[in-house]
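Comments concern the structure below.
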Amino acid sequence: MTDFPPLPAASRWRVPLGVLLIVPLLAALVLVVELARFQPTIVYRIEGGVLEVRGGNGLLGNHRRIPLASLSEVSEVTLGGGRRVAGTGLPGYCAGRFSYDRLGSVWQVTDCSRCALMLRLTGEERPILLTPPDRAALGQALRDGRDGDFSPPTRRPPLSWVLFISALPLLVVPLAVYTAAAFFVAPGKLRYRVGSGQLEVQLLLVRRRFPLAGARARRHTPRRVWKLAGSALPGYLAGSFRADGVTTRIYATTARQEGVLLERGRRVFVTPADVPGFLQALERQGARIEG
């Protein structure tokens, strides 16, 4: 078979756009890893005149050390109209910045229940919310400066959460790998081979073959092109498109320059670097050259 490279993928936007898309996907991968190792544990511990509040672990964890001398108010409250502002909200675990109708903005590490212990600190407007198993006991210990562990028991994550976390890598990892490959590898993989009575198009992952007996081929520059299905990246177009008002298979580095249109029941547009040599090869394999 005779090998024909495509027109060079000269788009100046390919690399910047690829980086712009891959960075969020890499961030998503980090988030998936953190979610997989995340433990929704809650710790309330008083030791040496300091209240330690800890929720979760890793990048999603929340941690504060509060000197008891800075407490100006300790009271029980009933919450309502809560909204997460910045933090983590899972079944039985709410940590970070939240907002409530009556209290406004708060920082909390709670089990998401409505009854909580509210702490106010001197010189700090945002109160702190906690949900120990015994609110009265923790409140009294804070007032007395008494050491102790008032943490709630660790809850097992619900099955729905476990299934969600298990499924995330199956979605994010292939998407990240394919996006990186499509932007930085696919244009170099694209090849056209003519021989054995067919046109073979080498794509990133697969090969497409089109019989040439009885086919018509001509030089062509598509107009009014938009994607129906497949990849439409700078320097790499592969899939089903609408071109010239007709559904067309496009396997090219660009749809704005002259290439070759092959018609045999379906329309196939390609952009070989050597158009005359490519047309001659098609003709030798049974295609009829027009124009």
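Under the working numbering, the very last position in the sequence shown is 1777; numbers go up by exactly one each time.
Built from N, CA and C at the ideal position, the CB exists for glycine as well.
Report yes if the C-beta distance between residue 1592 and residue 1615 is below 7 Å; otherwise report no.
Residue 1615 is positioned such that its CB atom lies closer than 7 Å to that of residue 1592.
Spatial neighbours of residue 1724 in its chain, beta-carbon cut-off 6 Å, leaving aside the 5 residues before and after
For residue 1724, where only same-chain residues beyond five positions count, the Cβ hits under 6 Å are 1689, 1716, 1717, 1737.
Residue 1565 and residue 1552 - do their beta-carbons sit closer together than 7 Å?
Contact: no.
Nearest candidate by alpha-carbon position, reference residue 1550, set 1665, 1583, 1567:
For residue 1550, the closest of 1665, 1583, 1567 by C-alpha to C-alpha distance is 1583.
By alpha-carbon positions, which one of 1732, 1762, 1731, 1712 ends up nearest to residue 1740?
Among 1732, 1762, 1731, 1712, the Cα nearest to that of residue 1740 is on 1712.
Assigned exposure category for residue 1597 - 16 Cβ within 10 Å defines buried:
Buried.
May I ask you to list the residues that DSSP assigns as paired with residue 1736?
Answer by DSSP bridge pairing, in chain order: 1725, 1755.
Can you give the Cα-Cα distance for residue 1692 and residue 1735, rounded to whole angstroms?
Computed Cα separation, rounded: 15 Å.
Check for me: the beta strand (DSSP E) holding residue 1621 runs from which residue to which?
First-last for residue 1621: 1621-1630, but that is the alpha helix (DSSP H), not the beta strand (DSSP E).
Taking 7 Å as the limit between beta carbons, can you name the residues of its chain near residue 1629, skipping five residues before and five after?
For residue 1629, where only same-chain residues beyond five positions count, the Cβ hits under 7 Å are 1560.
Closest Cα partner of residue 1671 within the set 1626, 1721, 1706
Its Cα nearest to that of residue 1671, the residue 1721 stands out among 1626, 1721, 1706.
Roughly how many whole angstroms lie between the Cα atoms of residue 1753 and residue 1729?
Near 10 Å, if we compare the C-alpha coordinates of residue 1729 and residue 1753.
Pair within 7 Å by beta-carbon distance, residue 1767 and residue 1680
It is a contact, given that the beta carbons lie within the stated cut-off.
Taking just the CA atoms, how far does residue 1742 sit from residue 1706?
Going from the Cα of residue 1706 to the Cα of residue 1742 covers about 10 Å.
Since residue 1532 and residue 1541 should fall inside the 8 Å C-beta cutoff, what is the C-beta to C-beta distance between them, to a whole number of angstroms?
Not really, about 16 Å apart at Cβ, beyond 8 Å.
Do residue 1765 and residue 1492 count as a contact pair if the criterion is CB distance below 7 Å?
Note that the C-beta distance between residue 1492 and residue 1765 is not below 7 Å.
In three-state terms, what does DSSP make of residue 1495?
In this structure, residue 1495 counts as coil in the three-state DSSP scheme.
Which residues bound the beta strand (DSSP E) around residue 1584?
It spans 1579-1586 - the beta strand (DSSP E) in which residue 1584 sits, taken as one unbroken run.
Flag this pair as yes or no: are the beta carbons of residue 1678 and residue 1756 separated by less than 7 Å?
In contact: residue 1678 and residue 1756 (Cβ atoms closer than 7 Å).
Rounded Cβ spacing between residue 1557 and residue 1607 (contact assumed at less than 8 Å):
With 8 Å as the limit, residue 1557 and residue 1607 qualify as a contact, their Cβ atoms being about 6 Å apart.
To the nearest whole angstrom, what separates the beta carbons of residue 1599 and residue 1530, a pair I think is in contact under 8 Å?
Incorrect: roughly 14 Å between the Cβ atoms, too far for contact.
Alpha carbon to alpha carbon, how far is residue 1749 from residue 1658? Give it in angstroms, no decimals.
When rounded, the distance between both Cα atoms is 38 Å.
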